[in-house]
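Working notes, structure below.
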Amino acid sequence: VALVSMVLVTSGRMAEENKKHQLLMDTYKSISELDIVTYDYLLHREERMEHQWNIKHDSLREILDGLAEEEGLKSIRADYATLGTLFSQVTENYRERQEYIQEGASQEKIDAITGLEERLVAQLLITSQSLITDASRLAEEAQAEAAEAQRLAANLTVILMVILAITVTTSSLLVARSISKPLDELTRGAEIIGKGDLEHKVAVKSKDELGQLAAAFNEMTGSLKEITTSRDELDREVTVRKQAEED
């Protein structure tokens, strides 16, 4: 029972670890896709790319919301929030820089906002890379834990099957022994009685069918003994009468 409980618990753990691994793989995939869109936006600066980035960012939030509050996810959640803030600052800074250029602002002003944008972009890329690194590490750890849970469940299942096989075999042998011994006793009793020993009793005390058969056998032997006794007495009476008549 304890082993069966262990197998069930381990199977449950294996299912949880597999689910966790799948969620973390989805997280890693979503972060990688967001990183690609980030580079595409920085290369082309198109509104379509900005819109796509926001969609990917929102999709990642939904995945993160589905994950449990674990220690390893704190840095990912923090970087996720930082990434959103930085991207908004980069896009806003880019629009402002474009306005400066269109308005013919001084080169000093344009250089200042360009320098700020470069620093923001650098922070954005660093944060994005940090997200990918953390997500990859957590996914690998989850995969290792899922594999360990599967290995443990498989080993426990094999042990359980071996124990069940031994139990069934042992039970079969015990049942066969419990049947063969009374049968041998019945056979031996029949041979003894068949040789004329009507005093013999078959010593099978079980309450199953074999016990009932032995009881019936003993009862039949008792009846046969009574008949034989009566017959012997009758023979003696006949003999005595014949002798009396002859005298």
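For reference, each letter of the sequence shown is one residue, going 200 to 446 in this note's numbering.
Glycine is no exception: its CB is placed at the ideal position from the N, C-alpha and C atoms.
Query	Result
Run through the region 312-376 for me and flag every whole alpha helix (DSSP H) of 4 or more residues, listed as ranges in chain order.	none
How long is the line joining the alpha carbons of I365 and Q342, rounded to whole angstroms?	35 Å
Can you find the residues in the same chain that come closer than 6 Å, C-beta to C-beta, to E192, ignoring five residues on each side of it along the sequence?	The question about residue 192 has no answer, for the chain in this structure spans 200 to 446.
How is A280 classed by DSSP in three states: helix, strand or coil?	helix
Can you tell which of L223, V236, H220 and K219 has its C-alpha closest to the C-alpha of L323?	V236
Cβ atoms of L285 and L319: under 8 Å apart, would you say?	yes
Give the DSSP-derived three-state secondary structure of R244 in the structure shown.	coil
Under three-state DSSP, which class holds G211?	helix
Going by CA-CA distance only, name the one from Q297, L233 and I262 that's closest to W252.	L233
How would you label T369, buried or exposed, when you count the other beta carbons within 10 angstroms and need 16 or more for buried?	exposed
State the DSSP-derived secondary structure class of G303, mapped to helix, strand or coil.	coil
Y238: buried (16+ other C-beta within 10 angstroms of its C-beta) or exposed?	exposed
Are there 16 or more other CB atoms within 10 angstroms of the CB of S229, so buried, or fewer, so exposed?	buried
Using alpha carbons as the reference points, say which of Q221, D257 and A334 lies closest to G271.	A334
Quick check on this structure: which residue in A304, E307, E295 and A267 has the alpha carbon closest to the alpha carbon of E316?	E295
If you run the structure through DSSP and keep just helix, strand and coil, what is K400?	coil
Please report the straight-line C-alpha distance between L263 and I325, rounded to a whole angstrom.	20 Å
Measuring alpha carbon to alpha carbon, tell me which of T290, T313 and Q297 ends up nearest R247.	T290
Straight-line CA distance for D257 to L282?	12 Å
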